[in-house]
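Residue numbering for the sequence shown follows the numbering used here, beginning at 510 and increasing consecutively.
All residues carry an ideal CB built from backbone N, CA and C; glycine is no exception.
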Amino acid sequence: MRSLCVEPFQNLSVVDTGARRAFTHCSPWKTNHKHEAVLSFPLSSPIRKSLCICLSSSANLPVMMEEKKQTFDANEAAWLVKELNESFRTGKTKSYEWRVSQLKGIEKMVVEREKDISEALYKDLSKPEYEAFVSEIAMVKSSCEEALKELKQWMKPEKAKTSMATYPSSAEIVSEPLGAVLVISTWNYPFSLSVKPVIGAITAGNAVVLKPSEIAPATSSLLSKLFEEYLDRSAVRVLEGGVLETTALLDQKWDKIFYTGSPRVGRIVMTAAAKHLTPVVLELGGKCPAVIDSDVDLQVTVRRIIAGKWQLNNGQACISVDYIITTKEFAPKLIDALRKGIEEFFGTDPMESKDISCIVSSNHFSRLESLMDDYKVFNKIVVGGQRNQKKLKIAPTIFLDVPGDSQLMQEEIFGPLLPIITVENVKDSIDLINSKPKPLTAYLFTNNEKLKNNFVQSVSSGGMVINDTVLHVTVSSLPFGGVGESGMGSYHGKFSFDAFSHKKAVLYRSFSGDASVRYPPYTPEKQKLIRAVMNGGIFDIILALMGF
């Protein structure tokens, strides 16, 4: 809430017809302990923008204006949802023109403010400019370009087949927007994982609120400013804040909630959504394995593992390689190659490298430290292990054969720590993976076609990449999402449009072809004919009509 204190009360007039109408409904005037007139209105109210308060010209009396910030609460959230629903009900977000204008606004925002975006990402994560461009800025721009190119086609109704029972008829599937939707994003890719779901919501024709992560405050603040500047505020909003604000938002009835983050918070989101029967998309995570066979091109494999671990936000990514499975015989050769690859990419002292991100916060640093210092694994480190709490830096660290019951193997690591688990035969890796919750992604490096086929058929995961890491997220024709504890629902490309659309089934009939067999009285002849129709065989129908 905001409060404006004006003194004296009797000389106050309000000049804004829209504001005056709103005052009539919300009765914002109150008197504070100093007997000053206090006008209170919600943060999300348009009055905040349009209010003009002036003194009557007959009095030259001082005006005292004082802003008071209050916590965003359930009442504020309800007002915000009400505004978005009202905007949605006008129908403007459903139009092709409005959707295109918002997509062009995002595209323009990315082009014009690329430097600001990179700087915010560096402040939050020390993310290298190259990495910020490739994994955040370019990804958003690409999503915009595809949506602008394909939107008209996506919006077209899909023709559907009809049956003999409805003849003559035609049918189609109409994609319609859901209404007011909520996107709660995460901190590790705070720009792309915020904007890409919003692109999906806009292409589908929804009004949308984005709640960015408070753990990446520079990016969160920038998103709030940029959305205000480049997008239609009446239907697209950013709300900053932490747990209290998120809780207030989750208390409201939304038409869909899209959440990216941890399984623990995902359960909270799903519980809140269940109260209103709100559908959800949960983009979570899990322990993503990489199985490495001994017949691989080792140099290429190592480069791609490093790219899918430490080059990927220093392991702070839901699709980063969480652990490696290989054979006991091949492990020493693999570790040696990884050691050399890390040195090639990040120097002899990776703690000084400018090409690797820092840990996002002291809390996350402490969590990773506790994983490293666990008595079951601290003596299993074979590469790295250096750390600097002041700089929030942890070097790429490799463990060999840590126990399966250690914390390192029980929870998603989400950092630069990489355990290697050895097995007697690479085929045994499938049973090991299947003994754990289904991962968001599974990786396999091999030249063995039989192993590839067995892996694809036997391992259940949100996605899968053979002989590389992470690149599946760049293929917009593939859905990105989890299964089981790694999430539900998917997005990217048209899958984003579908995630925020309702597929409405429409059947068209004329007034002809109104067969009496459909209606009582139910005679034996009608029963024979309806059975023939329902069975769908034209020969049976002819026989029934002939009385056989």
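Beta-bridge analysis with DSSP links residue 712 to no other residue. For residue 949, the secondary structure class from DSSP, reduced to helix, strand or coil, is coil. Contact check for residue 682 and residue 669: beta-carbon distance about 6 angstroms, within the 8 angstroms limit, so the pair qualifies. Annotation for residue 977: 813 place their beta carbon closer than 7 angstroms to its own, counting only its chain and skipping 5 residues before and after. With contacts defined by Cβ atoms closer than 7 angstroms, residue 772 and residue 951 do not form a contacting pair. Our two residues, residue 583 and residue 760, have alpha carbons roughly 7 angstroms apart in a direct line.
Ranked by Cα distance from residue 905, the first of 965, 1042, 1032, 855 is 855. Judged by DSSP secondary structure, residue 984 falls outside any beta strand (DSSP E); it is assigned neither H nor E. Look at residue 975 here: in three-state DSSP terms it is strand. Rounded to the nearest whole angstrom, the C-alpha separation of residue 954 and residue 840 is 14 angstroms. Cβ contact annotation for residue 942 (same chain, cutoff 6 angstroms, sequence separation greater than five): 798, 968, in chain order. Following the DSSP letters along the chain, one finds residue 666 in no alpha helix (DSSP H), marked with neither H nor E. Here the C-alpha atom of residue 1032 lies approximately 41 angstroms from the C-alpha atom of residue 1011.
With fewer than 16 other beta carbons inside 10 angstroms of its own, residue 1030 counts as exposed. Our two residues, residue 606 and residue 924, have alpha carbons roughly 43 angstroms apart in a direct line.
Three or more beta-carbon pairs separated by less than 8 angstroms are not found between the region 781-788 and the region 646-653, which leaves the two stretches without contact. Rounded to whole angstroms, residue 1040 and residue 1025 show a C-alpha spacing of 14 angstroms. Just so you know, the alpha carbons of residue 679 and residue 666 end up roughly 12 angstroms apart. Look at residue 855 here: in three-state DSSP terms it is helix. Within the same chain, 796, 832, 911, 912, 928, 930 come within 8 angstroms of residue 918 by CB-CB distance, once the 5 residues on both sides are set aside. Contact between the region 655-666 and the region 692-703 is absent, with fewer than three C-beta pairs closer than 8 angstroms.
For residue 725, there is no enclosing alpha helix (DSSP H), as DSSP marks it with neither H nor E. Setting aside the 5 residues that flank it on each side, residue 690 is surrounded in the same chain by 710, 715, 716, 717, 718, 763, 764, 765, 766, 767, 1009, each with a C-beta closer than 8 angstroms to its C-beta; the list follows chain order.
When DSSP assignments are scanned along the region 748-796, the uninterrupted stretches of alpha helix (DSSP H) that are 4 or more residues long and fall wholly within it turn out to be 752-759, 772-784.
Apart from sequence neighbours up to five positions away, the residues of its chain that approach residue 618 with a beta-carbon distance below 6 angstroms are 735, 739, ordered along the chain.
Out of 957, 613, 624, the CA that lies nearest to the CA of residue 658 is found in 613.
Rounded to the nearest whole angstrom, the CA to CA distance from residue 809 to residue 908 is 21 angstroms. Residue 971 is a Cβ neighbour of residue 995, given a cutoff of 7 angstroms.
Beta-bridge analysis with DSSP links residue 1011 to 685.
Separation of residue 790 and residue 687 (C-alpha to C-alpha, rounded to the nearest whole angstrom) is 13 angstroms. The residue among 889, 879, 885 with its C-alpha nearest the C-alpha of residue 896 is 879. According to DSSP, residue 954 shares a beta bridge with 801.
Counting every other CB atom within 10 Å of its CB across the protein chains shown gives residue 921 a total of 16 or more, marking it as buried.
In the displayed model, residue 698 falls within coil according to three-state DSSP, outside both helix and strand. The C-beta separation of residue 585 from residue 757 comes to about 7 angstroms, placing the pair in contact by the 8 angstroms criterion.
Secondary structure in the region 877-944: the alpha helix (DSSP H) runs of 4 residues or longer, each lying completely within the stretch, are 916-919, 937-943 in chain order.
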